[in-house]
């Protein structure tokens, strides 16, 4: 009797479509949060000029949109690599994604020179993007 290896599931076109929609959704959601904070609530979104800096710079909408798109694509790329080279892609990627999300919250939570409203809006922005991308990218990811 010979043992036949069980094929591991690979991402399908539906999975890729879901991830693409999540990427677009994350970018749009970030834009909506920025517009609400800046336009409706009048909160001026600012970011620290560097680690340990007490000065800040304005956070423009195009910067937010491009940053979310780049980070989303990087996450998708990492997941694709893990799916190709490991059998535990979902678990590994989820750990990395949550660590990156946690690290991304350091500046909005602890930087000096940010107003409370701006700080809250930045935290919401980071958490909203993570809340869209992490579950959507995990869906259909290769597991044991």
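In my numbering, the protein residues as written are 6 to 149.
From the three backbone atoms N, C-alpha and C, an ideal C-beta is built for every residue, glycine too.
Here the structure is a predicted model, which is why all the values come from computation and not from measurement.
For residue i, three-class secondary structure by DSSP
{"i": "residue 77", "result": "helix"}
{"i": "residue 58", "result": "coil"}
{"i": "residue 124", "result": "helix"}
{"i": "residue 111", "result": "helix"}
{"i": "residue 13", "result": "The pLDDT assigned to residue 13 is 48, lower than 50, so where the model puts this residue is not dependable, and the model offers no usable value."}
{"i": "residue 63", "result": "strand"}
{"i": "residue 93", "result": "coil"}
{"i": "residue 51", "result": "strand"}
Residue i versus residue j - alpha carbon distance
{"i": "residue 108", "j": "residue 102", "result": "10 Å"}
{"i": "residue 95", "j": "residue 18", "result": "17 Å"}
{"i": "residue 106", "j": "residue 80", "result": "11 Å"}
{"i": "residue 92", "j": "residue 120", "result": "45 Å"}
{"i": "residue 66", "j": "residue 55", "result": "19 Å"}
{"i": "residue 82", "j": "residue 40", "result": "28 Å"}
Cβ-Cβ distance between residue i and residue j below 7 Å
{"i": "residue 69", "j": "residue 35", "result": "yes"}
{"i": "residue 137", "j": "residue 72", "result": "no"}
{"i": "residue 113", "j": "residue 134", "result": "no"}
{"i": "residue 118", "j": "residue 59", "result": "yes"}
{"i": "residue 132", "j": "residue 38", "result": "no"}
{"i": "residue 33", "j": "residue 42", "result": "no"}
Integer-rounded CB distance, given that residue j should sit under 8 Å from residue i
{"i": "residue 100", "j": "residue 48", "result": "Not a contact, Cβ separation roughly 33 Å."}
{"i": "residue 53", "j": "residue 125", "result": "The pair is not a contact, with the Cβ atoms about 16 Å apart (cut-off 8 Å)."}
{"i": "residue 147", "j": "residue 88", "result": "5 Å"}
{"i": "residue 28", "j": "residue 110", "result": "Not quite, the Cβ-Cβ distance comes to about 21 Å (not below 8 Å), so this is no contact."}
Own chain, CB closer than 7 Å to residue i, minus 5 neighbours either side, in chain order
{"i": "residue 22", "result": "none"}
{"i": "residue 84", "result": "94, 98, 142, 146"}
8 Å CB neighbourhood of residue i in its chain, flanking five on each side removed
{"i": "residue 44", "result": "none"}
{"i": "residue 139", "result": "99, 102, 103, 106"}
{"i": "residue 46", "result": "122, 126"}
Cβ of residue i within 7 Å of any chain D Cβ
{"i": "residue 73", "result": "Of the protein chains in this structure there is only one, and it is not chain D."}
Own chain residues within Cβ distance below 6 Å of residue i, not counting five before or after
{"i": "residue 10", "result": "Summary for residue 10: the model assigns pLDDT 46, below 50, so the residue's position carries little reliability, and this model does not support an answer."}
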